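These notes concern the structure reproduced below.
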Amino acid sequence: MDRRNFLRVTGAAGLATMWGSSLACAHSTAAATGASAASPGAFSLSKVGLQLYTVRDPMAKDLDGTLAAVAAAGYHLVETAGMYGKSAADLRAAFDQHGIRTASGHYPLADLETSPETVFTTAKTLGQEYVTVPWLDPSLRTADTFGSLPGRLNKLGEAAK
Numbered sequence: 218m219d220r221r222n223f224l225r226v227t228g229a230a231g232l233a234t235m236w237g238s239s240l241a242c243a244h245s246t247a248a249a250t251g252a253s254a255a256s257p258g259a260f261s262l263s264k265v266g267l268q269l270y271t272v273r274d275p276m277a278k279d280l281d282g283t284l285a286a287v288a289a290a291g292y293h294l295v296e297t298a299g300m301y302g303k304s305a306a307d308l309r310a311a312f313d314q315h316g317i318r319t320a321s322g323h324y325p326l327a328d329l330e331t332s333p334e335t336v337f338t339t340a341k342t343l344g345q346e347y348v349t350v351p352w353l354d355p356s357l358r359t360a361d362t363f364g365s366l367p368g369r370l371n372k373l374g375e376a377a378k
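Counting in the numbering used here, the sequence shown runs from 218 upward without gaps.
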């Protein structure tokens, strides 16, 4: 075995050990405290979700196949990042078909400010509890924007209620 392969193998083994130890520790802690998956704050893999932005290219090419792979990997909670060319109802049906639920989604600030009702209706149709603004265009990253943003977002939060 050469040095490069040795480092690759031992690095992978180290990561696997750390990951396994973390899960074992979480399981041991839950068992020792009597916590279960239903206990608030208890560690459970069912609470780990996937941000669909990480698989945006496969989602654009094969939404159904990608959602099947996401579910097969054990992810049943996702965050959306776009609509992948589908209506909210069609996307919700695809999620339901694969046993996936979405708790939150990425929405552009401009969409929220120009048509908040459309964004909130989309989020509600998808079953989302949270609407997030994931990014600001560099042209908006100014002192004025950052100064006004809390008030703007608070206003949107009130409208969301």
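All C-beta atoms in this analysis are idealised placements derived from N, C-alpha and C, irrespective of residue type, glycine included.
For clarity, every value in this text was computed on a predicted model and none was experimentally measured.
- DSSP, reduced to helix, strand and coil, places Val272 within a helical segment of the structure shown.
- If you keep only unbroken alpha helix (DSSP H) runs of at least 4 residues inside the segment 283-366, you get 305-314, 326-331, 333-343.
- Around the C-beta of Tyr347, fewer than 16 other C-beta atoms lie within 10 Å, and the residue is accordingly described as exposed.
- By the criterion of at least three beta-carbon pairs nearer than 8 Å, the segment 296-311 is not in contact with the segment 358-369.
- The segment 262-272 and the segment 284-303 touch, with no fewer than 3 CB-CB distances between them shorter than 8 Å.
- By the C-beta criterion, the segment 330-339 is judged to be in contact with the segment 368-378, since at least 3 inter-stretch pairs fall below 8 Å.
- Beta-bridge partners of Leu267 (DSSP): Val295.
- In the three-state DSSP reduction, Asp279 falls in the coil class, being neither helix nor strand.
- Comparing alpha carbon positions, the residue from Tyr324, Gly302, Asp281 closest to Asp313 is Asp281.
- When DSSP states are grouped into helix, strand and coil, Lys372 belongs to the helix group.
- Excluding the 5 residues flanking it on each side, Thr335 has same chain C-beta neighbours closer than 8 Å at Asp328, in chain order.
- Looking from the CA of Asp274, the closest CA among Thr338, Gly302, Ile317, Ala320 belongs to Gly302.
- When the Cα atoms are used, His323 and Leu343 turn out to be separated by approximately 12 Å.
- The Cβ atoms of Ser321 and Thr349 sit closer than 8 Å to each other.
- Nearest neighbour of Ala290 by Cα position, chosen from Gly316, Asp354, Lys278, turns out to be Gly316.
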